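> Structure in structure tokens, see below.
Protein chains in written order, with this note's numbering: chain A, 1081 to 1141; chain B, -13 to 389.
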């Protein structure tokens, strides 16, 4: 069984990877700058949410 | 084949390839060097200066070699190119090397960030990560809202972003961001930022009294109710956060790595490095930051027509960030059913640890038993990280914003 702490860690890292991929990669795909900016912002938020989840996993005892 | 016996011992041979008086003086100075080191070791002379000086005397007089076919010299201070040419190309005048090698590339901000990292405790941030980051995001109101205001005032997007970063209330960040985004305005922006940051301690209490009623300012919070966080957990977070944030914002990677390497060294308990980063490096960098920034503030800079707008926008940015932080504190107060002191919100305006001290001071004025400093330190540290993130976003995304 995977512990709650490990689940949070894995979830956080997964979110961070998705966020980085969206912000650094997908945001360059659209031609419209506004759409690119929106995708970039979503990616940043997802990656930061991943960081918060990692922090929660670290401090869960 | 005739090969003089002396030439087998090049060091000694070259020592005497000169006039007798000079050779004699060299030997005298070598002996004097040994003597000075001995006296310094015995504390007869001041060891701080005399030991390195003695070593220098021995080395420069013993390490003589043939620099050219007929000329002897040393590799210590003998220039390989004429000094005046070196002076010209390296711009070696008083503060010029410090400006060239630490300001123009943003290094000074990174050095300060290393020191700040080494004195930052992540306990409170990791104990309450969601609350800390929520407040820190609210306290970035000035950084976010000043950007469109500055553009509306006629600044270019890069200039607007550079002055908006003042809302993050983090000096090194302002310096780093303005050098990258608007190098021509970095001196006035940095000066404006540092002047305002120095008056935050006096100014924010008025904003607090204006926005938060006394009964809420005096809410007590139990400092012992904070969850404990181990050094290993803080170390692991600093490594993970550094990796993720560097991947996300490569342009701000020097800032992130500087901050988190300081935190990691502190949590790894490498005491000599902690002492080095938190004392000589931090104080040395801060001293030269102030001195060089003052020296850069010439009359031409002040006469720039944009300076007045920058002064106004800097104040707006910090005011909005303070309002945002306190509004975040009021949201947390509502969410906690009245158990949360909203003053903690002002601490999220980064400026570590000044704003946390402001929060504690105002809480203690309202209620002498209110101890909110531990709770205020979490948002304060989170504020440093969110300021770096927004700087990273501005530097990375300014291409999108060029409308």
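For every residue, glycine included, the Cβ atom is placed at its ideal position computed from N, Cα and C.
As the structure is a prediction and not an experimental result, all values here were calculated from the model.
1. How far does the alpha helix (DSSP H) with residue 346 (chain B) in it extend, from its first residue to its last?
2. Measuring CB atoms only, is the segment 165 to 177 of chain B touching the segment 88 to 102 of chain B, in the sense that at least three cross pairs come out at less than 8 Å?
3. Taking 7 Å as the limit between beta carbons, can you name the residues of its chain near residue 198 (chain B), skipping five residues before and five after?
4. Among the residues of its own chain, which have a CB less than 8 Å from the CB of residue 144 (chain B), if the five just before and after it don't count?
5. Look at the alpha carbon of residue 195 (chain B) and the alpha carbon of residue 201 (chain B), and state the distance between them as a whole number of angstroms.
6. In chain order, what residues of the same chain have a beta carbon less than 6 Å from the beta carbon of residue 1098 (chain A), not counting five sequence neighbours either side?
7. Can you name the residues of chain A whose CB is closer than 8 Å to the CB of residue 115 (chain B)?
8. Determine, using beta carbons only, whether residue 1102 (chain A) comes closer than 7 Å to chain B.
9. Are there three or more Cβ pairs, one per stretch, closer than 8 Å when the segment 333 to 350 of chain B is compared with the segment 66 to 86 of chain B?
10. How long is the line joining the alpha carbons of residue 1118 (chain A) and residue 1128 (chain A), rounded to whole angstroms?
11. DSSP has residue 1128 (chain A) in a bridge; who is on the other side?
12. Which class does residue 0 (chain B) belong to by DSSP, given the choice of helix, strand or coil?
13. Along chain B, in chain order, which residues have C-beta atoms closer than 8 Å to that of residue 1122 (chain A)?
14. In the DSSP output, what is residue 58 (chain B) paired with across the bridge?
15. Do you know whose CA, among A:1091, A:1120, A:1115 and A:1112, lies nearest residue 1131 (chain A)'s CA?
16. Quick one: grab the DSSP three-state call for residue 244 (chain B).
17. Counting only beta-carbon separations shorter than 7 Å, does residue 1129 (chain A) have a partner in chain B?
18. Only counting the same chain, and skipping five residues up and downstream in sequence, which positions put a Cβ closer than 8 Å to that of residue 211 (chain B)?
19. Listed in chain order, which residues of the segment 185 to 198 of chain B have Cβ atoms closer than 9 Å to some Cβ of chain A?
20. Flag this pair as touching only if the segment 168 to 179 of chain B and the segment 282 to 299 of chain B have three or more C-beta atom pairs under 8 Å; answer yes or no.
21. Measuring CB to CB, does residue 238 (chain B) end up less than 7 Å from residue 350 (chain B)?
22. Is it the case that the segment 117 to 130 of chain B contacts the segment 269 to 283 of chain B, given that we only count it when at least three CB pairs across the two stretches are under 8 Å?
23. Cβ closer than 7 Å: which chain A residues qualify as neighbours of residue 219 (chain B)?
24. Would you kindly work out how many angstroms separate the C-alpha atoms of residue 250 (chain B) and residue 156 (chain B), rounded to a whole number?
25. Leaving out five residues on either side along the sequence, give the residues of the same chain with a beta carbon under 6 Å from the beta carbon of residue 380 (chain B).
26. When the distance is taken between beta carbons, is residue 78 (chain B) closer than 7 Å to residue 62 (chain B)?
27. Can a CB atom of chain A be found closer than 7 Å to the CB of residue 246 (chain B)?
28. CB-CB under 7 Å to residue 112 (chain B), same chain, minus the five flanking residues each way: which ones, in chain order?
29. What would DSSP say about residue 210 (chain B), mapped onto helix, strand or coil?
30. Three-state secondary structure (DSSP) at residue 114 (chain B)?
31. DSSP three-state call for residue 107 (chain B): helix, strand or coil?
32. Which residue marks the beginning of the alpha helix (DSSP H) containing residue 69 (chain B), and which one marks its end?
33. Which residues, in chain order, does the segment 220 to 243 of chain B contribute to contact with chain A at a C-beta distance below 8 Å?
34. Label residue 172 (chain B) either buried or exposed according to how many other C-beta atoms from any shown protein chain fall within 10 Å of its C-beta, with 16 as the threshold for buried.
Taking the structure as given:
1. Residue 346 (chain B) -> alpha helix (DSSP H) spans 340 to 352.
2. By the Cβ criterion, the segment 165 to 177 of chain B is in contact with the segment 88 to 102 of chain B, since at least three pairs of Cβ atoms, one from each stretch, lie closer than 8 Å.
3. Only 312, 328 and 329 meet the Cβ criterion.
4. Answer for residue 144 (chain B): 167, 168 and 384, listed in chain order.
5. Rounded to whole angstroms, the separation of the alpha carbons of residue 201 (chain B) and residue 195 (chain B) is 11 Å.
6. So the qualifying residues of the chain are 1126.
7. 1132, 1135, 1136 and 1139, listed in chain order.
8. Judged by the 7 Å Cβ criterion, residue 1102 (chain A) is not in contact with chain B.
9. They do not touch, by the three-pair rule.
10. CA-to-CA, the gap between residue 1118 (chain A) and residue 1128 (chain A) works out to about 15 Å.
11. The partner list for residue 1128 (chain A) (beta bridge, DSSP) is empty, contrary to what the question assumes.
12. DSSP, read as helix, strand or coil, puts residue 0 (chain B) in helix.
13. Against residue 1122 (chain A), chain B offers no close residue; the least beta-carbon distance is about 12 Å (beta-carbon pairs closer than 8 Å).
14. Note: residue 58 (chain B) sits in a beta bridge opposite B:52.
15. Selected option, being the one with the closest Cα: A:1091.
16. In the structure shown, residue 244 (chain B) sits in a helix (DSSP, three-state: H, G or I).
17. For residue 1129 (chain A), the answer is no, since every Cβ of chain B falls outside 7 Å of its Cβ.
18. The beta carbon of residue 211 (chain B) is closer than 8 Å to none in its chain, skipping five residues each way along the sequence.
19. Of all residues in the segment 185 to 198 of chain B, none places a beta-carbon less than 9 Å from a beta-carbon of chain A.
20. Contact holds: three or more Cβ-Cβ distances are below 8 Å.
21. Cβ atoms of residue 238 (chain B) and residue 350 (chain B): not closer than 7 Å.
22. No, the segment 269 to 283 of chain B is not in contact with the segment 117 to 130 of chain B.
23. Result: 1138 and 1139.
24. The C-alpha of residue 250 (chain B) lies about 21 Å from the C-alpha of residue 156 (chain B).
25. So the list reads 147, once near-sequence residues are dropped.
26. No. Outside cutoff.
27. Taking Cβ atoms only, chain A never reaches closer than 7 Å to residue 246 (chain B), which makes this a no.
28. Result list for residue 112 (chain B): 215, 219, 220 and 223, in chain order.
29. The answer is helix: DSSP assigns residue 210 (chain B) an H, G or I state.
30. DSSP places residue 114 (chain B) in the coil class of the three-state scheme, outside both helix and strand.
31. Secondary structure of residue 107 (chain B) (DSSP, three-state): coil.
32. Its alpha helix (DSSP H) spans residues 69 to 76.
33. Residues 222, 223, 226, 227, 230, 231, 233 and 234.
34. Result: buried.
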